[in-house]
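Asker: As numbered in this note's numbering, residues 63 to 156 make up the sequence shown, in order. Sharing a structure below in structure tokens format, with a few things to ask.
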Amino acid sequence: MDGCRWDYEEMVLEDQEPGVMYVNAPTIHFVPCKNYKIDPEQYSCPLYKTSVRAGTLSTTGHSTNFVLAIEMDTNKPKDHWVLRGAALLTMLND
């Protein structure tokens, strides 16, 4: 996770600890369902292939580095996480 961390007690996104760049994301279990409705209180956290986050635009208008958005619970406004660049990463380029 970049720009955020997961609070395992409250089960919500939280701000990073000072001096910590990246933390492990919680285990995410995907369950397919019909007629899923997005909760407007959740943050659509982007998942990227690499920490660079750059890529070329595909025909869908998304970066080729973008995988999908994952709805995550939070107690803060979505804009808070957008301004922090909160995202999930599959690997680091360090």
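Each residue gets a CB set at the ideal place from its N, CA and C atoms; glycine is no exception.
Answer with buried or exposed for Met63, where buried requires no fewer than 16 other C-beta atoms within 10 angstroms of its C-beta.
Answerer: Its Cβ being crowded by 16 or more others within 10 Å, Met63 is buried.
Asker: Consult DSSP for Val82 and reduce its assignment to one of helix, strand or coil.
Answerer: Correct three-state label for Val82: coil.
Asker: Whose CA, out of Cys95, Leu154, Tyr105, lies closest to the CA of Ala148?
Answerer: Ranking the options by Cα distance to Ala148, first place goes to Tyr105.
Asker: Does Pro108 pass the burial test, meaning 16 or more other C-beta atoms within 10 Å, or should it be called exposed?
Answerer: Pro108 is buried by the Cβ-count criterion.
Asker: Along the alpha helix (DSSP H) that carries Leu145, what are the first and last residues, could you check?
Answerer: Note, Leu145: alpha helix (DSSP H), 140-146.
Asker: Below 6 Å CB to CB, which residues in the same chain sit around Val114 once its five sequence neighbours on both sides are set aside?
Answerer: Taken in chain order, the residues that qualify are Asn155.
Asker: DSSP on Thr89, reduced to helix/strand/coil?
Answerer: DSSP places Thr89 in coil when its eight states are reduced to three.
Asker: Using the C-alpha atoms, what's the distance from Cys66 back to Val74?
Answerer: Their Cα atoms are separated by approximately 10 Å.
Asker: Quick one, which of Lys99, Asn127, Pro94 has its alpha-carbon nearest Tyr110's?
Answerer: For the residues Lys99, Asn127, Pro94, the minimum Cα distance to Tyr110 belongs to Asn127.
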